[in-house]
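Colleague: One structure is given below, represented as structure tokens, and several questions about it will come after.
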Amino acid sequence: MRWRVCAIFLGLLAFASAGMARDAKESIEADASTRQVAITSSFTGTEILLFGTVENSVQSSAGAGTYDIVAVVEGVPAPVIVRKKSRVGGLWINTSSMKFMPVPSYYAIVSTRPIDELAEPALLDANGIGFEHIRMVPRQTAWKESLDPAEVASFKEALVRLKERERLYVKSDFGVAFIGRSLFRATVALPPNVPVGPLTVSVYLFKEGKLLGQYKSRLTLEREGVERFIHEVALKKSLLYGLLTVAMATVAGLAAAFAFPRAM
Amino acid sequence: MTLYLPIAEMSVSVAVYLALGTAVGFISGLFGVGGGFLMTPLLTFLGISPAVAVATCNVHVVASSVSGAVVHYRRNNVDVKMALVMLVAGLVGTAIGVDVVRLLRNAGLFELTVSLTYVTFLGVVGTLTLIEGINAWRQVQSSGMSSRRKSGQHNWVDRLPFKVRFQRSKLYISVVPPMVIGMFIGFMSAIMGIGGGFIYIPAMIYILRMPTSVVVGTSLFQIVFVAAFATVLHAWQNQTVDIVLAAILLAGGVVGAQFGTVAGEKLRSDQMRVLLGVLVLIVAARMGYDLVVTPNDLFSLGSLKGS
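Protein chains in written order, with numbering that gives the first Met the number 0: chain A, 0 to 263; chain B, 0 to 306.
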């Protein structure tokens, strides 16, 4: 049902954009299929649809490749500690660590082509487009005077690799598809372990390596129902929560003892 | 069927965790132990962060020790006075332990500490249990006797001050050793997410020389309170107790324990000690292996929550 509504909506957008004036400058408009994702006890991840249109498109057909679209969905930035193990007396122990100041907790990037092909690294750096271009600033640790750039790079690379393994950093090089001369769409998967919080959606329009426009919007990931209730009690009334948990365990234990007197 | 865990923040298969609860419950029922020493490592193998695993295991320990303690109390196998003495010290130890957990987590050393304490304790206790069990087994086969008890020996414990009479245990001893034991186990249980039965029982038999008949009941009785206290403190200070995960594990545990108890009645105590010793050593070896073998990835991620 939702898909059909989206399809109709996309159709209307296409119709509207076709009637636009031809000589104006290209710009971009986009949106996500939903503004709010509910995290309930049955949450197993979800997929969001991103769609939009290039205003004043001069593209001859959907497959012409005149424009490049990149969409980035980012979670709330948070500090991350990357630890490295080394062998100490035969045991593998965390011996060094590097703390990176706000790093996106979740980062999904979809594009019409691999991003390295569609713009210069400097431009990608400036906008934080692509895993290698996310702004990651190591925080100076107290016992080290200066940080070795090669070491910083290896920790950064490890951070991205580990986030990718947790499916929190995802990319799809050909994930954005043009449907018509100006219409495009893409889907982004939110895994079950996506950190709860608002997400920022940024959609960029590139043409011949130049950034022509961008569109930003937000969507929220919110706990709902029982999930929200439990989480709030656990955080805000944590003493009560602890007591309730113990009460639950005591009742279960008593029930077992009286229902099955031979047990334990 | 999958459920999203509110504190662990992940979606898990209910069937897997029910099975885990049942298996650990079975072993609890079989050997009369809380099962925390198995549950904590298994949860971390399944991807639950160590801090959440330790805190949530305490909930499971509360339930299994409540149900065990009730049964022993009705059979008059609990030395309440001794339990209270150990308990007072145990709560102090637990409070210190919960604080230490927070410090270690901030320093990124928590996982290592848990692994090292597990390997050490399980290794020592497993070896002792196994040796004792094998000796007892041999004795059973040669003479038909299954238990022996030394008495009339005097050691350092008898020379300590603050002597108190413990009627149920038929003992007149200083309160210092029970308090030290209680505090130490309270501390360990906060760090390891265990009830501590597998440390309590040998300590009560060999150091305090309590009669074997009251040891298990007394140990379970105080574990109820120590584990409950640890649960509340973990929930209050670290916010690492996942009530949904705990409920799934409890449901499995209650069922598993019934089958375990029935199975346990078919085994002799010396055979059980050998089996328990082997099981404890397997867990120790598995954890030790992880510390020694070259990891797949030298790097790991830490955030302010979790590990």
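Quick reminder that beta carbons are idealized off the backbone N, C-alpha and C, glycines included. Model, not experiment: these values are computed from the prediction.
Do Thr93(B) and Phe186(B) have their beta-carbon atoms positioned less than 8 angstroms apart in this structure?
Modeller: Closer than 8 angstroms, so yes.
Colleague: Who are the neighbours of Arg82(A) on chain B, taking C-beta pairs under 8 angstroms?
Modeller: Per Cβ cutoff of 8 angstroms: Gly107, Phe298, Ser299, Leu300 and Gly301.
Colleague: Per DSSP, what kind of secondary structure is Tyr105(A) in: helix, strand or coil?
Modeller: DSSP places Tyr105(A) in coil when its eight states are reduced to three.
Colleague: Touch check for the region 236-247 of chain B and the region 51-69 of chain B: three-plus C-beta pairs under 8 angstroms?
Modeller: Enough Cβ pairs lie closer than 8 angstroms, so yes.
Colleague: For chain A, find out if any of its Cβ atoms is closer than 8 angstroms to the Cβ of Met9(B); answer yes or no.
Modeller: Yes - at least one Cβ of chain A is within 8 angstroms of the one on Met9(B).
Colleague: Since Gly132(B) and Asp289(B) are thought to touch, with beta carbons under 8 angstroms apart, how far apart are those beta carbons, to the nearest angstrom?
Modeller: Wrong, their Cβ atoms sit about 26 angstroms apart, outside the cutoff.
Colleague: What's the gap between the Cα of Thr249(A) and the Cα of Leu274(B)?
Modeller: Each residue's alpha carbon lies about 29 angstroms from the other.
Colleague: Please confirm whether Pro176(B) and Ile206(B) have their CB atoms less than 8 angstroms apart.
Modeller: Result yes, Cβ atoms of Pro176(B) and Ile206(B) sit closer than 8 angstroms.
Colleague: For the alpha helix (DSSP H) that contains Ala254(A), what are its first and last residues?
Modeller: Counting along the chain, the alpha helix (DSSP H) containing Ala254(A) begins and ends at Ser237 to Ala258.
Colleague: Closer than 8 angstroms is the cut-off here; do at least three beta carbon pairs connect the region 36-43 of chain A with the region 215-230 of chain A?
Modeller: Cβ pair count under 8 angstroms is three or more, so yes.
Colleague: Among Ala262(B), Ile247(B), Leu300(B) and Asn75(B), which has the Cα closest to the Cα of Val13(B)?
Modeller: Among Ala262(B), Ile247(B), Leu300(B) and Asn75(B), the Cα nearest to that of Val13(B) is on Ile247(B).
Colleague: Please confirm whether Asp67(A) and Ser216(A) have their CB atoms less than 8 angstroms apart.
Modeller: Going by C-beta atoms, Asp67(A) is not nearer than 8 angstroms to Ser216(A).
Colleague: Classify Pro197(A): buried if its beta carbon has 16 or more other beta carbons within 10 angstroms, exposed otherwise.
Modeller: With fewer than 16 other Cβ atoms within 10 Å, it is exposed.
Colleague: Since His132(A) meets chain B, which of its residues come closer than 7 angstroms, beta carbon to beta carbon?
Modeller: Within chain B, no residue comes near His132(A); the closest Cβ sits about 20 angstroms away, beyond 7 angstroms.
Colleague: Within its chain, find whatever has a CB closer than 8 angstroms to the CB of Pro307(B); leave out the 5 residues flanking it on each side and keep chain order.
Modeller: The question about residue 307(B) has no answer here: the residues shown for chain B are numbered 0 through 306.
Colleague: Mind checking if Thr1(B) is an interface residue toward chain E, Cβ cutoff 8 angstroms exclusive?
Modeller: Absence of chain E from the displayed structure is noted, the protein chains being A and B.
Colleague: Just how far apart, CA to CA, sit Val202(A) and Ala70(A)?
Modeller: If you take the alpha carbons of Val202(A) and Ala70(A), they lie about 4 angstroms apart.
Colleague: How is the beta strand (DSSP E) around Phe165(B) delimited, first residue to last?
Modeller: It spans Lys162 to Phe165 - the beta strand (DSSP E) in which Phe165(B) sits, taken as one unbroken run.
Colleague: Mapping the DSSP letters down to three states, classify Leu45(B) as helix, strand or coil.
Modeller: Leu45(B) falls in the coil class under three-state DSSP.
Colleague: So for Pro201(B), helix, strand or coil by DSSP?
Modeller: Three-state DSSP puts Pro201(B) in a helix.
Colleague: Grab me the residues of Glu272(A)'s own chain with a C-beta within less than 6 angstroms of its C-beta, minus the 5 sequence neighbours each way, in chain order.
Modeller: Any property of residue 272(A) remains undetermined from this structure, which presents chain A solely from 0 to 263.
Colleague: Give a yes or no on whether the C-beta atoms belonging to Met307(B) and Ser114(B) are separated by under 8 angstroms.
Modeller: One cannot answer for residue 307(B) here, as it falls past the ends of chain B, which runs 0 to 306.
Colleague: State yes or no: is the beta carbon of Asn55(A) nearer than 8 angstroms to at least one beta carbon in chain B?
Modeller: Closer than 8 angstroms: no.
Colleague: How many Å lie between Val291(B) and Thr112(B) at the Cα?
Modeller: Rounded to whole angstroms, Val291(B) to Thr112(B) spans 14 angstroms at the Cα level.
Colleague: Kindly identify the DSSP beta-bridge partner or partners of Glu46(A).
Modeller: According to DSSP, which records beta bridges pairwise, Glu46(A) is partnered with Ala188(A).
Colleague: Do we get a CB-CB distance below 8 angstroms when we pair Thr21(B) with the residues of chain A?
Modeller: Output row for Thr21(B): interface = no.
Colleague: Do you know how far the Cα of Val151(A) is from the Cα of Leu108(B)?
Modeller: Using only the alpha carbons, I get a separation of about 22 angstroms.
Colleague: Gln221(B) CB to nearest chain A CB: under 8 angstroms?
Modeller: It does not: the Cβ of Gln221(B) has no partner Cβ on chain A nearer than 8 angstroms.
Colleague: Determine which residues of the region 209-232 of chain A have a Cβ less than 7 angstroms from any Cβ of chain B, and write them out in chain order.
Modeller: The residues in question are Glu226, Ile229 and His230.
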